[in-house]
Amino acid sequence: MGPGSAMKAAKLSTQPAAPKPNAVPPFRPIILHSGQSFSGAGTSSDNSGVIFSGHTAQLGDFDKALQCGGSYCLRNSQHTGSAGLTDDGRVIFSVTSRINGRDTTVIGAFDQSGQPSPPTDKEVKLLDKIVPSAKSRLVLDTKTRSDLGVKLNGDNATAAMYADRNTIKFNVSYLHQFDNKTSLGVDAAATADYKTRQVLSRSIGVSGKSGDLSGRVAFEQAGLTRTGTAEVRSGKLFGNVKYATDGTNQNREYNFGADINKSTTLTVTLRPDYQMPKTAAAPSFKFDPMKPDPIPDHSNAKIELKITF
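Residue numbers for the sequence shown follow this note's numbering, so the first one is 12 and each next one is one higher.
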């Protein structure tokens with residue numbers, strides 16, 4: 012082999028191998044658009060509204076996880092966002108909007124099948140490093156397989172709204188931290204029906220904590236049924252009271268007990284209003300040692316010792 016052939020062979024050996032035609036590209040950027048025309052948004056003069064697009068520039072070490080970033084400004088607002096694919100095929104996104112000096116961050120995720128999925132803590136931390144997030148942010152969330160909603164997470168107040176085909180649910184909570192050992196919180200929830208425009212249920216609760224002493228009082232109404240609960244705990248000792256009425260009948264229940272150790276709990280229960288059904292249902296016996304049928308409890312008072320292994 013002559014000198015020319017050797018140099019040519021060495022040059023060919025140093026060239027990178029051609030990519031396989033069916034190989035999955037390591038980077039799959041997602042271009043973001045926002046405006047009156049989302050499909051085919053571009054630089055056309057007929058396309059009014061705001062165009063929001065980005066690329067992988069200046070993402071540094073996060074290129075492998077997020078493949079898009081961009082920002083735009085409109086009047087007295089500024090919006091910055093990023094979206095991309097993670098290594099396991101999930102789509103995650105984050106948009107921070109600053110309007111009149113207030114920041115709001117919206118984050119969310121979709122799984123491999125395209126269904127909305129709450130972002131994991133790892134994904135939230137990753138998005139926070141790429142797009143500066145507000146102290147209070149909206150997070151795409153789901154409670155059941157048939158609903159979709161958003162929740163507001165922040166340093167203190169939180170709120171959430173979930174909607175399905177028939178109902179819409181609201182949750183609001185606030186926690187005031189006096190110091191590391193003392194706090195006072197309040198929470199409220201409501202469920203409404205779309206068609207009848209009626210409130211199906213509503214609830215409110217107040218909780219507090221001071222050192223090892225903690226307590227909570229809550230009230231709930233669903234239709235004609237009203238329920239009230241009160242509970243308190245001091246170290247290993249605890250107690251709670253439950254009251255429910257439908258306007259005709261009432262049910263009271265008192266529970267007092269103590270955590271003897273991590274695996275053993277002793278509880279005393281009183282149910283003064285409980286009455287045994289006059290016509291008891293026929294028992295259906297089914298022997299299953301792995302899932303034994305629970306024994307019916309028709310007592311007005313009992314002492315229970317629970318041991319977990």
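Note that the Cβ used here is the ideal one computed from N, Cα and C, for glycine as well.
Excluding sequence positions up to five away, which residues of its chain have a Cβ less than 6 Å from the Cβ of residue i?
{"i": "T280", "result": "N266, K313"}
{"i": "Y285", "result": "N311"}
{"i": "S221", "result": "T193"}
{"i": "H309", "result": "M287"}
{"i": "L316", "result": "L277"}
{"i": "A233", "result": "S212"}
{"i": "L248", "result": "A269"}
Identify which residue in the options has its Cα closest to the Cα of residue i.
{"i": "F230", "options": "D122, V217, K289, M287", "result": "V217"}
{"i": "G92", "options": "A174, K133, M172, S108", "result": "S108"}
{"i": "I318", "options": "K302, K289, K273", "result": "K273"}
{"i": "N262", "options": "R227, T238, D139", "result": "T238"}
{"i": "G2", "options": "A233, V228, Q232", "result": "Outside the displayed range of the chain (12 to 320) lies residue 2, so it cannot be described from this structure."}
{"i": "Y185", "options": "N260, T256, I215", "result": "I215"}
{"i": "T207", "options": "G246, D132, N177", "result": "N177"}
{"i": "D331", "options": "I271, E134, D175", "result": "Lying outside 12 to 320, the shown extent of the chain, residue 331 is not represented and no answer is given."}
If you draw a straight line from the alpha carbon of residue i to that of residue j, how long is it in whole angstroms?
{"i": "F189", "j": "L195", "result": "8 Å"}
{"i": "Q78", "j": "V197", "result": "Bear in mind that a pLDDT of 38 at Q78, under 50, signals an unreliable position, so the number given afterwards is only what the model happens to contain. When rounded, the distance between both Cα atoms is 41 Å."}
{"i": "V102", "j": "Q209", "result": "37 Å"}
{"i": "N33", "j": "A120", "result": "Because the pLDDT at N33 is just 42, under 50, the model does not fix this residue reliably, and the value given afterwards should be weighed accordingly. Using only the alpha carbons, I get a separation of about 27 Å."}
{"i": "G258", "j": "P283", "result": "18 Å"}
{"i": "G100", "j": "K136", "result": "18 Å"}
{"i": "A269", "j": "F104", "result": "47 Å"}
{"i": "H187", "j": "S225", "result": "14 Å"}
{"i": "T256", "j": "E242", "result": "18 Å"}
{"i": "S50", "j": "F181", "result": "Confidence in S50 is poor, its pLDDT being 38 and thus under 50, which makes the residue's placement too unreliable to answer from."}
{"i": "P307", "j": "G125", "result": "45 Å"}
{"i": "E264", "j": "L138", "result": "47 Å"}
{"i": "N260", "j": "K289", "result": "16 Å"}
{"i": "G160", "j": "M172", "result": "5 Å"}
{"i": "I271", "j": "D132", "result": "35 Å"}
{"i": "G219", "j": "N191", "result": "13 Å"}
Indicate whether residue i and residue j have their beta-carbon atoms separated by less than 9 Å.
{"i": "A203", "j": "I179", "result": "yes"}
{"i": "T240", "j": "K253", "result": "yes"}
{"i": "I118", "j": "P127", "result": "no"}
List the residues that DSSP assigns as beta-bridge partners of residue i.
{"i": "Q232", "result": "R213, R237"}
{"i": "Y265", "result": "V252, L281"}
{"i": "V243", "result": "G226, G250"}
{"i": "G196", "result": "L186, S218"}
{"i": "P127", "result": "F121"}
{"i": "G100", "result": "None; G100 has no bridge partner."}
{"i": "D270", "result": "T276"}
{"i": "D204", "result": "T178"}
{"i": "I318", "result": "T275"}
{"i": "K313", "result": "T280"}
{"i": "G95", "result": "I103"}
Could you tell me if the beta carbon of residue i falls within a distance shorter than 8 Å of some heavy atom in the ligand COA?
{"i": "K313", "result": "Although the ligand COA was asked about, the structure shown includes no ligands whatsoever."}
Within a Cβ cutoff of 7 Å, which residues of the same chain sit near residue i, ignoring the five residues on either side of it in sequence?
{"i": "P37", "result": "Confidence in P37 is poor, its pLDDT being 34 and thus under 50, which makes the residue's placement unreliable; the coordinate value appears in the next sentence. Within the same chain, P37 has no close Cβ partners at all."}
{"i": "S245", "result": "D223, L224"}
Give every residue of the same chain whose Cβ lies closer than 8 Å to the Cβ of residue i, excluding the five residues on either side of it in the sequence, and list them in chain order.
{"i": "F320", "result": "S274"}
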